[in-house]
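Below is one structure, written out as structure tokens; the observations come after it.
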Amino acid sequence: MAVQQRKTVVTETIKTETTTTTKNVDHQVGKTWGRDRDVSFGTILISLGILVMSPLWVLYTYISCNGYQCALSAPALEIYNAPDALVALKALLARELPTYSPYAARLFFTWLTFQAVLYAFLPAQIGYGQRTPAGHLLPYKVNGLLAWIISHAIYAAGGLYFGWWKLSIIHDNWGGLLIAANAYGYFLTFFCYIKAHLFPSHAADRKFSGSFIYDLLMGIEFNPRFGKYFDFKLFHNGRPGIVAWTMINLSFAAAQYQKIGYVTNSMILLNLLHATYVLDFFYNEDWYLRTIDIAHDHFGFYLAWGDSVWLPWLYTLQSHYLVRNPVDLTPVQFGFIFAVGFTGYFIFRSVNHQKDIVRSTNGECMIWGKPAKVIRTSFVTSDGKTHKSLLLCSGYWGLSRHFNYVGDLLISLAMCMTCGTKHLLPYFYIIYMTILLLHRIQRDHTRCKGKYGKYWEEYMKAVPYKLIPYVY
Ligand code: NDP
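When you line the sequence shown up against my numbering, it's residues 22 to 493, in that order.
The structure is reproduced here in structure tokens:
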């Protein structure tokens, strides 16, 4: 039934876009809509900073958790308070740096290959993304939910029934896995940079900024692929990244059990919140094809290394914390965090559903019991064709232009709150998500203004708030 519904949505999404080849258009494809971009010197400097600092930050959190019980300031203070900072730094690195492990490397690359095989060969629905700036409407294999179920079933059966590994295997090899994942993340980044120049999948959708650093970070190719279906963006974000997310949490829960003899209710709640978010992602994978990740972002270090290292390491920080600092929540605390998390989830899902339903029915639907209010728009792709789309401006999308982010922020906050209030490190996720989503609002505004022109202005007048009504 669910599969049948998704099939219908896919077909109708295509139907809602009508295409003409008229040149009589209100606005041309702007520089801001995905094809071309002037990058300032400041942006290049910031890009360089991100390239250098992101891996260092992941390493720092690893050291802080591994050697200092996740006390964020402890490694820095140790160096700061030492009589000779350089000697102290060298000693700290010699003691705490993760080391290469052939076993962990085999584990990582077996996992990656296994996910690639599942992605390529499991039965799949075919979903469609948004029309690209060069006018492509790409098909995607949607089979993430099945891959998630199979991966977790094998992990659980191998650990609990066959004794092939301990369930804490990921936790136990965390340092070695970090090195392997970094090696792959860097390889993928440079491979995609070279591929974009030498054998691009869709040449007209490439974006050259004129800066090597910016191109490396943000990517040149929009949808790099092997063949018709092996899409780098969907695969890397979904499979090694998001399938791993829940498995890492389970492995850290198993490690907590080995360490203290039981799994705390905070760890259970954290696993529940993360699993809800992840399963929602895969259940609605077809919807994901029309989000900014797929419809806007090019594939560079930001996604290649980000999906391989940043996401699995930093999105799971709370479970690293809870292994070292078990927290037993009182029933009231548990209930409160549960309520915040699932209220956030309800908002997140309902807002995203409204957008998907209004697009898939071409605006012929009810939103909050009334006919949907929409702005009918047109936009132009680089082949000169005009396409029609629509912007919803009632329901949640009439409250603010990104009310879905409010839901996401509430879930993220709840995930962090499972760790109590003693340390800052587990709150990294909500701080990061706030920065990411605020920045995304700005990026999306620039993109949509370039894409929709006067229709976007009209939408902004109809819905003036960006995130929280009457506040921002
Ligand atoms: P949206 O799903 O809100 O997508 C924005 C796009 O939707 C716009 O570019 C535009 O694209 C279209 N759009 C904008 N306004 C309207 C409207 N009124 N009616 C119809 N379509 C509209 O944003 P994201 O892709 O950023 O986020 C998707 C979800 O993923 C969110 O819930 C977010 O919180 C979550 N998320 C989670 C992250 C994580 O790491 N955990 C990271 C980022 C996001 P177009 O018109 O071209 O289709």
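Glycine included, each C-beta is placed from N, C-alpha and C at the ideal position.
Since this is a predicted model, take the numbers as computed values, not measurements.
Measure the CB-CB distance between residue i and residue j and report whether it falls below 7 Å.
i, j, result
"Cys-437", "Val-348", "no"
"Leu-412", "Tyr-480", "yes"
"Asp-328", "Asn-373", "no"
"Glu-242", "Phe-320", "yes"
"Asp-252", "Tyr-149", "no"
"Ile-333", "Ile-200", "For clarity, residue 333 is Pro in the given sequence; the question names Ile instead. No, the pair does not count as a contact, with Cβ atoms beyond the cut-off."
"Asp-307", "Val-163", "yes"
"Thr-398", "Tyr-453", "no"
"Val-264", "Ser-172", "yes"
"Phe-369", "Gly-428", "yes"
"Cys-213", "Pro-245", "yes"
"Val-330", "Asn-203", "yes"
"Gly-362", "Ala-435", "yes"
"Leu-238", "Ser-75", "no"
"Leu-166", "Tyr-304", "yes"
"Trp-326", "Thr-210", "yes"
"Lys-276", "Val-353", "Checking the sequence, you will find Ala at residue 276 rather than Lys. The answer is no: Cβ separation not under 7 Å."
"Ser-189", "Ser-272", "yes"
"Leu-350", "Ser-287", "yes"
For residue i, name the three-state secondary structure that DSSP assigns.
i, result
"Gly-471", "helix"
"Leu-362", "Note on identity: in this sequence residue 362 is Gly, with Leu being the wrong assignment. Three-state result, Gly-362: helix."
"Thr-267", "helix"
"Leu-411", "strand"
"Ser-399", "strand"
"Lys-487", "coil"
"Val-330", "helix"
"Val-46", "Only weak support is given to the placement of Val-46: the predicted model assigns it a pLDDT of 38, under 50, and the question is left unresolved by the model."
"Trp-477", "helix"
"Thr-53", "At Thr-53 the pLDDT is 49, less than 50, meaning the model places this residue with poor confidence; the figure from the coordinates comes in the next sentence. In the structure shown, Thr-53 sits in coil (DSSP, three-state: anything other than H, G, I, E or B)."
"Tyr-448", "helix"
"Asp-252", "strand"
"Ile-175", "helix"
"Tyr-121", "coil"
"Phe-229", "strand"
"Gln-146", "strand"
"Phe-303", "helix"
"Arg-127", "helix"
"Ile-432", "helix"
"Val-73", "helix"
Please find out if some non-hydrogen atom of ligand 1 comes closer than 6 Å to the beta-carbon of residue i.
i, result
"Thr-382", "no"
"Cys-386", "no"
"Ile-175", "no"
"Tyr-426", "yes"
"Arg-17", "Any question about residue 17 goes unanswered here, given that the chain covers just 22 to 493."
"Trp-418", "yes"
"Cys-86", "no"
"Ile-499", "Residue 499 is absent from the model: the chain starts at 22 and stops at 493."
"Asp-307", "no"
"Lys-376", "yes"
"Cys-440", "no"
"Asp-404", "no"
"Tyr-151", "Reading the sequence as shown, one finds Gln at residue 151 and not Tyr. At least one heavy atom of ligand 1 is nearer than 6 Å to the Cβ of Gln-151, so yes."
"Asn-373", "yes"
"Asp-193", "no"
"Leu-413", "yes"
"Asp-318", "no"
"Asp-4", "Outside the shown range of the chain (22 to 493) lies residue 4, about which nothing can therefore be said."
"Cys-213", "no"
"Cys-437", "no"
Any contact of the region 449 to 457 with the region 335 to 344, i.e. 3+ C-beta pairs under 8 Å?
yes
Inter-stretch contact (C-beta, 8 Å, three-pair minimum) for the region 378 to 396 and the region 415 to 431
yes
The region 93 to 104 in contact with the region 131 to 142 per 3-pair CB rule at 8 Å:
no
With three or more beta-carbon pairs closer than 8 Å as the criterion, would you say the region 291 to 300 touches the region 216 to 225?
no
The region 100 to 108 / the region 76 to 84 touching (three or more Cβ pairs under 8 Å):
no
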